[in-house]
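Asker: Sharing a structure with you now.
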Amino acid sequence: MTDHDHDWRRQLETPGHLDDRGFTARVMAALPPRRRGLSPARRAAVLMGCAVLAGLLGLFVLPGGSFVAHAFRGAVAAARRA
Amino acid sequence: MDKLSDSALISRVLVDDDRNAFSELVRRYQSQVRGLLRKLTGGDPTLADDLAQETFLRGYRSLKSYRGTARFSTWLCQIAYRCYLTEAGRARMRAEVPEEVAGPVHEAAPGESRETGALLQRDLARALESLNGEEREAIALAFGQDLSHEEAAAVLGCPLGTLKSRINRGLEKLELRMTSWRSKHA
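These protein sequence lines are chains A and B, in that order. Terminal number for the first sequence in this note's numbering: 82, no gaps in between. Terminal number for the second sequence in this note's numbering: 1186, no gaps in between.
Here it is in structure tokens:
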């Protein structure tokens, strides 16, 4: 191989660096609008609220939760007697 | 931000849509992606930059699908290659340059050696342009992109053996062209 061969092969194999020259800024400007999400704290609060609501609903609506209603009625009756 | 790993930056983009993290990823890989697309488009910087921008936009939209099995740069090169095929039009981009048209772009000025960096780079770009699409793609991906031959074959979606034979054919043609130009203008 001659020097010339080495030169063009080296040129081919060398990863040339291209300066940014505003490229990144152009890409960032072309991105779709930022998605509006809840903050992590709000997300946790909403999840917690949903879980509590679903639990209460399950207790009163499903037959398995009837003992709660029965206990509630018993407590009300006991309070009246007292 | 510039000390964070690629995977940490990707997590930030996915969880919080962190634009600074994505901007750092673009900064890290813009040179590699734009360089690859310049080679693929035969040295057209405007078209290459448009395709590179489209590459990063597609990357942003499909970041959720990045599984981390390949390097992030390989994944981006895959998108860049698909952009090149889709946006630029495979048939138009792969049209071979007739033999008689292919020639050195720039004549050496008196006292200027053909081995001078910029001149050599332009001649090489012109020589690459004269290869057929498959050979140019193989050489563009396998050289100067920090990709292994296995990764380059994965990007092109072809077997490793096929990639190697395309590279060999391409290099032989490049050598012929570069040598003949050199002997004409020495």
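All C-beta atoms in this analysis are idealised placements derived from N, C-alpha and C, irrespective of residue type, glycine included. The structure presented is a predicted model; accordingly, all values stated were derived computationally and were not measured.
Are the CB atoms of B:A1138 and B:L1120 within a distance shorter than 8 angstroms?
Answerer: Cβ distance not < 8 angstroms, so B:L1120 and B:A1138 don't count as in contact.
Asker: For B:L1163 versus B:G1042, is the C-beta spacing smaller than 8 angstroms?
Answerer: Contact flag unset, no.
Asker: Just checking: is the beta-carbon of A:G16 within a distance shorter than 8 angstroms of some beta-carbon in chain B?
Answerer: Yes - at least one Cβ of chain B is within 8 angstroms of the one on A:G16.
Asker: Give the secondary structure of A:L62 by DSSP, where H, G and I count as helix, E and B as strand, and everything else as coil.
Answerer: DSSP places A:L62 in coil when its eight states are reduced to three.
Asker: Name the chain B residues whose beta carbon is nearer than 8 angstroms to that of A:A30?
Answerer: Those within 8 angstroms of A:A30 in chain B are Q1053, L1057.
Asker: Strictly below 9 angstroms CB to CB, what residues from chain B border A:R43?
Answerer: Near A:R43 there are no residues of chain B at all, since even the closest Cβ is about 11 angstroms away, more than 9 angstroms.
Asker: By the criterion of Cβ-Cβ separation under 8 angstroms, what are the contact partners of B:R1019 in chain A?
Answerer: What B:R1019 touches in chain A: M28, L31, R34.
Asker: Let's see if you can read the secondary structure: which residues bound the alpha helix (DSSP H) around B:H1149?
Answerer: Per DSSP, B:H1149 belongs to the alpha helix (DSSP H) from 1149-1156.
Asker: So, at 6 angstroms on beta carbons, what are the nonlocal neighbours of B:L1025 in its own chain, with the 5 sequence-adjacent residues on each side left out?
Answerer: For B:L1025, where only same-chain residues beyond five positions count, the Cβ hits under 6 angstroms are L1009.
Asker: Apart from the five residues on each side of it in sequence, which residues of its chain come closer than 7 angstroms, Cβ to Cβ, to B:S1023?
Answerer: Excluding residues within five positions, none has a Cβ falling inside 7 angstroms.
Asker: By Cβ distance below 8 angstroms, which residues in the same chain neighbour B:Q1032 in space, the five residues on each side in sequence not counted?
Answerer: Here the set comprises S1073, L1076, C1077, Q1145, D1146.
Asker: A:L12 CB to nearest chain B CB: under 8 angstroms?
Answerer: Taking Cβ atoms only, chain B reaches closer than 8 angstroms to A:L12, which makes this a yes.
Asker: If the cut is a Cβ gap below 7 angstroms, which residues of chain A does B:G1170 touch?
Answerer: Residues of chain A passing the Cβ test: none, with the nearest at roughly 10 angstroms.
Asker: Less than 8 angstroms between the C-beta atoms of A:L31 and B:Y1066, yes or no?
Answerer: No, the Cβ-Cβ distance between A:L31 and B:Y1066 is not below 8 angstroms.
Asker: Pull up the distance between the alpha-carbon of A:R26 and that of A:V52, whole angstroms please.
Answerer: Their backbone Cα atoms lie some 46 angstroms apart in a straight line.
Asker: For A:T14 and B:F1143, I'd like the C-alpha separation in whole angstroms.
Answerer: One C-alpha to the other measures close to 7 angstroms.
Asker: Closest Cβ-Cβ distance between B:Y1060 and chain A: below 8 angstroms?
Answerer: Judged by the 8 angstroms Cβ criterion, B:Y1060 is in contact with chain A.
Asker: Hey, quick one: how far does the alpha helix (DSSP H) through A:T24 stretch, first residue to last?
Answerer: First-last of the alpha helix (DSSP H) with A:T24: 23-30.
Asker: Might you give, ordered along the chain, the residues of its own chain that have their beta carbon closer than 6 angstroms to the beta carbon of B:C1208, omitting 5 neighbours on each side?
Answerer: This structure gives no information on residue 1208 of chain B, because the portion of chain B shown stretches from 1001 to 1186.
Asker: Give the DSSP-derived three-state secondary structure of B:T1069 in the structure shown.
Answerer: Coil, per DSSP.
Asker: Could you list the residues in the stretch 53-74 of chain A with a C-beta less than 7 angstroms from some C-beta on chain B, going in chain order?
Answerer: The residues in question: there are none.
Asker: With distance defined between alpha-carbon atoms, name the residue in B:R1058, B:N1020, B:L1124, B:S1130 nearest to B:T1086.
Answerer: Cα-wise, what sits closest to B:T1086 is B:R1058.
Asker: Do we get a CB-CB distance below 8 angstroms when we pair B:V1026 with the residues of chain A?
Answerer: B:V1026 counts as touching chain A.
Asker: If you drop the 5 nearest sequence neighbours on each side, which residues of the same chain put their C-beta closer than 7 angstroms to that of B:S1007?
Answerer: Counting only Cβ-Cβ distances below 7 angstroms, and skipping sequence neighbours, we find G1068.
Asker: Distance check for B:S1011 and B:L1040, CA to CA, integer angstroms please.
Answerer: Whole-angstrom Cα-Cα distance: 31 angstroms.
Asker: Counting only C-beta atoms, is B:Q1145 closer than 8 angstroms to chain A at any point?
Answerer: Judged by the 8 angstroms Cβ criterion, B:Q1145 is in contact with chain A.
Asker: Please list, in chain order, all residues of the same chain as B:R1037 whose beta carbon is under 7 angstroms from its beta carbon, the five residues on each side excluded.
Answerer: Per the sequence shown, the amino acid found at residue 1037 of chain B is Leu instead of Arg. If we look at B:L1037 and ignore the five residues flanking it on each side, its Cβ neighbours are A1048, L1051, A1052, A1080, Y1084.
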